[in-house]
Each structure stands twice: as structure tokens, then as C-alpha cells.
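The listed protein sequences correspond, in order, to chains A and B. For the first sequence, the working numbering gives the first residue as 1, with consecutive numbering after it. For the second sequence, the working numbering gives the first residue as 1, with consecutive numbering after it. Quick reminder that beta carbons are idealized off the backbone N, C-alpha and C, glycines included. Read through the structure below, which is laid out as C-alpha cells, and then see the notes.
Number of protein chains: 2
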Amino acid sequence: MFNNVTIVGVGLISGSFALALKQNGLAKNIIGVSRTQTSLQTALQLGIIDEALPLEEAVKKSNLIYVAIPVDATLTIMQQIMDMLSPNQIVVDAGSTKYALCNLLQKHPNRKQFVATHPMWGTEYSGPMAAIKNAFVGSTCVICEKNESDTNTLQTIENVYKTLGMHLVYMDAQSHDTHAAYVSHISHITSFALANTVLEKEKQENAIFELAAGGFASTVRLAKSSPAMWTPIFLQNKQNILEVLNEHISQLQKFKTALENNDAQQLQTLMQHANTIGRILK
Amino acid sequence: MFNNVTIVGVGLISGSFALALKQNGLAKNIIGVSRTQTSLQTALQLGIIDEALPLEEAVKKSNLIYVAIPVDATLTIMQQIMDMLSPNQIVVDAGSTKYALCNLLQKHPNRKQFVATHPMWGTEYSGPMAAIKNAFVGSTCVICEKNESDTNTLQTIENVYKTLGMHLVYMDAQSHDTHAAYVSHISHITSFALANTVLEKEKQENAIFELAAGGFASTVRLAKSSPAMWTPIFLQNKQNILEVLNEHISQLQKFKTALENNDAQQLQTLMQHANTIGRILK
Numbered sequence: 001m002f003n004n005v006t007i008v009g010v011g012l013i014s015g016s017f018a019l020a021l022k023q024n025g026l027a028k029n030i031i032g033v034s035r036t037q038t039s040l041q042t043a044l045q046l047g048i049i050d051e052a053l054p055l056e057e058a059v060k061k062s063n064l065i066y067v068a069i070p071v072d073a074t075l076t077i078m079q080q081i082m083d084m085l086s087p088n089q090i091v092v093d094a095g096s097t098k099y100a101l102c103n104l105l106q107k108h109p110n111r112k113q114f115v116a117t118h119p120m121w122g123t124e125y126s127g128p129m130a131a132i133k134n135a136f137v138g139s140t141c142v143i144c145e146k147n148e149s150d151t152n153t154l155q156t157i158e159n160v161y162k163t164l165g166m167h168l169v170y171m172d173a174q175s176h177d178t179h180a181a182y183v184s185h186i187s188h189i190t191s192f193a194l195a196n197t198v199l200e201k202e203k204q205e206n207a208i209f210e211l212a213a214g215g216f217a218s219t220v221r222l223a224k225s226s227p228a229m230w231t232p233i234f235l236q237n238k239q240n241i242l243e244v245l246n247e248h249i250s251q252l253q254k255f256k257t258a259l260e261n262n263d264a265q266q267l268q269t270l271m272q273h274a275n276t277i278g279r280i281l282k
Numbered sequence: 001m002f003n004n005v006t007i008v009g010v011g012l013i014s015g016s017f018a019l020a021l022k023q024n025g026l027a028k029n030i031i032g033v034s035r036t037q038t039s040l041q042t043a044l045q046l047g048i049i050d051e052a053l054p055l056e057e058a059v060k061k062s063n064l065i066y067v068a069i070p071v072d073a074t075l076t077i078m079q080q081i082m083d084m085l086s087p088n089q090i091v092v093d094a095g096s097t098k099y100a101l102c103n104l105l106q107k108h109p110n111r112k113q114f115v116a117t118h119p120m121w122g123t124e125y126s127g128p129m130a131a132i133k134n135a136f137v138g139s140t141c142v143i144c145e146k147n148e149s150d151t152n153t154l155q156t157i158e159n160v161y162k163t164l165g166m167h168l169v170y171m172d173a174q175s176h177d178t179h180a181a182y183v184s185h186i187s188h189i190t191s192f193a194l195a196n197t198v199l200e201k202e203k204q205e206n207a208i209f210e211l212a213a214g215g216f217a218s219t220v221r222l223a224k225s226s227p228a229m230w231t232p233i234f235l236q237n238k239q240n241i242l243e244v245l246n247e248h249i250s251q252l253q254k255f256k257t258a259l260e261n262n263d264a265q266q267l268q269t270l271m272q273h274a275n276t277i278g279r280i281l282k
């Protein structure tokens, strides 16, 4: 049980994390830090946070500081937080990229007080209104560079995530970013691009609205995700994402060529191969 | 209430349709027709059909014949069925493409007994085991070339779909195929291609399995769809699909270029535009 927990950012992930801590009796008092006053007001009204404070005051009185803001802003703010830590305070981030941050903090004198994590859970919504109870349950949490964290600190955070119902996976930061490009970041790009494709070509919006069935909704769902959150993720994970994106474009071109050639056999083959994804998905 | 209904194909759509007819008291006896004996056995065991008969016998005793098989096989079998109709029998198809079929049957002497429909509902599963109760509810059904059907026949089928909880939309066959390419067919291609992308590049399957979160699952869900069903859809709707596919590849290339140029502003703009799909989706 933490007496005081600061969440930096009061959005989908941090807000859901705060609710989960309270729900599981892991935190007494939750402090919200945000540049956006209206978000703090909303988070207070929703009972996600107990008080709102400026960063320095908040950090000073907290046992745990949980950072979940866009990954470019994370780099700046984490350095500030790490510099002001006293012993026994713990800092955790929840960013979708891990290499840039781990690399930046590698030599920091307080590195052992930091645990780099990526809870693989989310929805296409953002902001404090998007925070929900019972988030994280049954999802995977990646912990990166675990040997760089203090053993007890690591164990404390492992226990928090386990209590929230998460399954833990360990990786170095570079592997995390590669894997995340394949199973998360590319899905967002294809969804955004698919939404733009349909918006571009289909001028009779009413027809989209009328005909859009479940399949369409599920492939473009992520297109509603926050640009502010995803722009820095794509830029920080640029090399991995470009690699997957090139492969994806070439896979689409295989369909295109098969179609142009009326090659039923090749279309079948491509789809039969794709079907094997079923054994990988739950 | 139909005394005898034949479903040609005993799979996801036809099976769910049969269950819905029974559930709503619209059919007394359901006859299954299929080339696959095991599917007929399964459909009998699951109570989807009451009996299995060869096509000719089945059609002869049916008030309504409902065809839901791959769209290439549909062209052949529909011609056979149309040739053997006696007055007052009704034929309906449920295919995902409409132009080739409507064009083929345009001059058929029994054209008025046929209603061309596309219930915009489905899942990624196929076969009689995939048939479920309460399918179709709340989804849209497209009816094509309605003026080519007899007025009473049309009304009968409209009432069936309405009783099943569907919302009706009317289109000419060509418009249907164009719209379906945008809001359904392209989603399937991107899903298949995304699955192949990840399977191709990611050799550590365990990592995919561990990290694949909800976003990935929703964008590749359709990759589990039946190649036998989708190959002829893609080929019949080739021109429309190639057009959308080209646009989609060019949208992906916009992301690629923005990323290569570290162009945060352009990434934001692309995603903000994609966000507007939210107002179109329910």
C-alpha cells in the first residue's frame, strides 16, 4: 500500500492505473499532475485523483510516481523527476516505446529507482474520461531492462501489475520496440491509413454509414486514437516501423498483383497463409 | 410463414439465417443443400436444418430458396435454380457481390421471382459450426435492383429481413459493389496482408503471442476469414477493389514519407483526418 502516488498525465492509461490502484487497495492518496487544468478538474470530479499539484510538490510527497504521457514529453519530464528523487521513491513509466527512454536514463545516478514498463492494454479513446475500471486485467505488461532496476523496487512494481491482473514479460528495450512495431504500432498505421482511404474515396458518407459492418468497424477502430500520443511513438520507433511498413506495403502489392492477374490460386495461397494467424491469436 | 425453405450452402450466413427463421416463426421445415456431406451432417445435428436433400428435390418442394455460397458458385447454381422455378417460388441470394449475378439474371424469364440481397453481417468464422442465433439483428441489409423483383415477392423478403431486426437499404448492383469494396472488401485485404506481414517478419512467434494486445487482434481478426469465400468476391469485384487498394497503398506511403522525413506535423495532420472516421462509425 502506497500512501501517496503521483500520476503524471491524467488520461486513459494513468487514469485507469489510478482507479485500479484504489480498487485493489494499493494506494491511499492519488495526486494528479497535468499541464491541462480541465483534465485535472475532470479527473478530480471522476474520483480518479484525490488532489492536483504541480510536478515538484507532487513528486516530493509521493512514494510512487507513474508517468503516462506522450513519449516525447516523457523524455523531458523523466529527467526532471529522476533528478529530484530521494531514496526509496519509485518511478515507473508506461510508454509505448522503451529504447529512447532507457537509453537516456542509463547512466542516471537514480536509475535503480526507475522501472521501465509497457502495459499492453488500451482503447482508441484518450483523456481522463477514457479511464475505466478493471483495465489491464488479463493483458500483458512488458518490463524492460529489469536488471537496471533495484531488486526490491522491481519486485514491488511486479506485484502491483500482478495484483492488477497482468501477465509479465521481460525484454531488453530494443527487442520491445521491435516487437511493439509488429503487433501494435503497425496496426495503428494501417487503421489510420484505412480510414483516410475510405474518407478520400467515398464521397457519399451516408453510404459508408449505412453499409459499414462489424468488419470495417474493427479494422478502423484504432483510427480514432490520439494523434498527440501516436506521433512521437512513430517517430521514436521510426526504424522498426519503416521496416514493418515496407513489408506491409509489399504484402498488399502481392494481393494487387494476384488480383490484376486474376490469379485465384495465388489469392487462395495468400489468404491461407494469413489464416495461420489464428493459432497465434488467443 | 414458409412451409419449406431451402438453404443452399449450410454455413455462417445460411445457417444463421435458418436459425433466425425458426426463431421468428417464419419457417416450418428447413432443407439443407450442400456438396459437403459432413457439413450437412453437422447442420442436422445442430438443428440448423430439418432434412438434407439434393438441389433439385429441395427446390421443387420449397417456397423460399436462400442461396449463400461462394459468389462464383452462386452464378452457376442460381441459373439452375431459376430454370426450375414454378410460379410463386421465391429465390434470394446473400452474396457479397451483386453486379455479376444481377447482370447474369437480368433477362431471365423468372427474374421477378428473385430478390438480390446482401445482409451486411458476418464473423470471421465459416461453416455450419459458425452459424449463430440472433445474427443480423441491428445490421443493414442491402437490396439491389428492387424494381426487377415482383412487388409482392420483394415485400415478402423485406418483411423477413425486418422481422430478423435488419435495417434495409436500396441500391443498384453497381453502386453496391463500389460501396462494398470500400467498407468491407478492403478491410479484409488489409487484415489478410497485415497477418502476412507479421508472420513474415516476426520469427519469434512467442513474442507475437505474448504482446499481441486488443488493437492487433481487432485489426487482424478478419484474416481468419475463409479463402474459399473471399477469392471469388475479390475477383468479381476486381476493378473497385483495385481502385481502393491503390488509394490505400498511397495513403500508407504518405505515412512512410512523413516518417522518413521526421515530419511530425504531417503525421499529426494524417491522423487528425483519420480521426474524423469517428463521426461516421456508430
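Determine the chain A residues that contact residue i at a beta-carbon separation under 8 Å, and present them in chain order.
i	result
Lys256 (chain B)	Leu242, Leu245, Asn246, Ile249
Leu252 (chain B)	Ile189, Thr190, Ala193, Leu245, His248, Ile249, Leu252
Identify which residue in the options has its Cα closest to the Cα of residue i.
i	options	result
Gly138 (chain B)	A:Ala212, A:Asp150, A:Leu168	A:Ala212
Glu97 (chain A)	A:Ile208, A:Thr257, A:Ser184	Residue 97 (chain A) is actually Thr in this sequence, not Glu. Comparing Cα positions, the closest option is A:Ser184.
Ala68 (chain B)	B:Ile233, B:Gln265, B:Leu245	B:Ile233
Ala43 (chain A)	A:Phe17, A:Lys60, A:Glu57, A:Lys61	A:Phe17
Ser191 (chain A)	B:Asp172, B:Val115, B:Thr153, B:Ala217	B:Ala217
Glu124 (chain A)	B:Leu242, B:Ala58, B:Gly214	B:Gly214
Gln23 (chain B)	B:Leu168, B:Ala94, B:Asn134	B:Asn134
Leu164 (chain B)	B:Leu19, B:Asn88, B:Asn103	B:Leu19
Ile90 (chain A)	A:Ser250, A:Tyr66, A:Glu148, A:Gln251	A:Tyr66
Ile241 (chain A)	A:Ala180, A:Leu53, A:Glu56	A:Ala180
Ile30 (chain B)	B:Cys144, B:Lys256, B:Val8	B:Val8
Name the chain B residues that come within less than 7 Å of residue i, Cβ to Cβ?
i	result
Val71 (chain A)	Simply none; closest approach about 12 Å.
Leu164 (chain A)	Going along chain B, no residue has its Cβ under 7 Å from Leu164 (chain A), so there is no contact; the nearest lies around 15 Å.
Ser191 (chain A)	Thr219
Phe234 (chain A)	Leu259, Leu267
Ala264 (chain A)	Thr231, Leu235
Excluding the five sequence neighbours on either side, which residues of its own chain have a C-beta within less than 7 Å of the C-beta of residue i, listed in chain order?
i	result
Val160 (chain A)	Leu26
Tyr182 (chain B)	Val244
Pro70 (chain B)	Ala228, Met229, Pro232
Val10 (chain B)	Gly32, Ser34, Ser39, Leu40, Ala43, Ile48, Ile49, Pro128
Ala195 (chain A)	Val220, Ala223
His188 (chain A)	Leu222, Ser225, Trp230
Using the beta-carbon of each residue, which ones in chain A are nearer than 7 Å to residue i?
i	result
Gln272 (chain B)	Pro227
Gln268 (chain B)	Pro227, Thr231
Thr276 (chain B)	Leu199
Arg221 (chain B)	Ser218
Met120 (chain B)	Leu211, Ala213
Ser139 (chain B)	Ala213
Skipping 5 residues on each side, what residues in its chain have a beta carbon closer than 6 Å to that of residue i?
i	result
Leu85 (chain A)	Asn110, Gln113
Phe2 (chain B)	Ala27, Asn63, Leu64
Ala100 (chain A)	Gln236
Ile13 (chain A)	Ala68, Ala94
Ala130 (chain A)	Leu12
His108 (chain A)	Met82
Measuring straight from C-alpha to C-alpha, what distance separates residue i and residue j?
i	j	result
Leu75 (chain B)	Leu105 (chain B)	9 Å
Lys295 (chain B)	Leu270 (chain B)	Here chain B has residues from 1 to 282 only, and residue 295 (chain B) is not among them.
Ile280 (chain A)	Ile208 (chain B)	7 Å
Ala193 (chain A)	Ile277 (chain A)	22 Å
Ala274 (chain B)	His248 (chain B)	13 Å
Val115 (chain A)	Met78 (chain A)	12 Å
Lys254 (chain B)	Tyr170 (chain A)	34 Å
Thr151 (chain A)	Asp83 (chain A)	21 Å
Ala94 (chain B)	His167 (chain A)	43 Å
Ala258 (chain B)	Gln268 (chain B)	10 Å
Leu46 (chain B)	Gly15 (chain B)	10 Å
Lys238 (chain A)	Lys238 (chain B)	34 Å
Who are the neighbours of residue i on chain B, taking C-beta pairs under 8 Å?
i	result
Lys133 (chain A)	Per Cβ cutoff of 8 Å: no residues; Lys133 (chain A) is ~16 Å from chain B at best.
Would you mind telling me which residues of chain A sit closer than 9 Å to residue i, beta carbon to beta carbon, in chain order?
i	result
Asn4 (chain B)	Near Asn4 (chain B) there are no residues of chain A at all, since even the closest Cβ is about 30 Å away, more than 9 Å.
Ser184 (chain B)	Leu211, Ala212, Ala213, Gly215, Phe216
Lys224 (chain B)	Ala274, Asn275, Ile277, Gly278, Leu281
Anything in chain D within Cβ reach of residue i, meaning under 7 Å, just list it in chain order.
i	result
His179 (chain A)	No chain D appears in this structure, whose protein chains are A and B.
What residues from chain B crowd round residue i, counting only those whose CB sits closer than 9 Å?
i	result
Glu260 (chain A)	Lys238, Leu242
Going by beta carbon distance, what residues of the same chain come within less than 8 Å of residue i, once the five residues before and after it are set aside?
i	result
Leu154 (chain A)	Val115, Ile143, Lys146
Met120 (chain B)	Ser139, Thr140, Cys141, Val142, Ser184
Ile186 (chain B)	Ile241, Val244, Leu245, His248
Gln80 (chain B)	Leu55
>> At 3 residues or longer, what runs of the beta strand (DSSP E) sit wholly inside the stretch 161-197 of chain A?
In response: Restricted to the stretch 161-197 of chain A, the beta strand (DSSP E) segments that are unbroken, complete and at least 3 residues in length are 167-171, listed in chain order.
>> My parser needs the alpha helix (DSSP H) runs of 4 or more residues fully inside the stretch 70-143 of chain A; what are they?
In response: 71-83, 99-105
> What alpha helix (DSSP H) runs, 4 residues minimum, are completely inside the stretch 36-62 of chain B?
Replying inline: Taking only runs of at least 4 residues, the alpha helix (DSSP H) segments lying wholly in the stretch 36-62 of chain B are 37-45, 55-60.
>> Which complete alpha helix (DSSP H) runs does the stretch 240-280 of chain B hold, if anything under 4 residues is left out?
In response: 264-275
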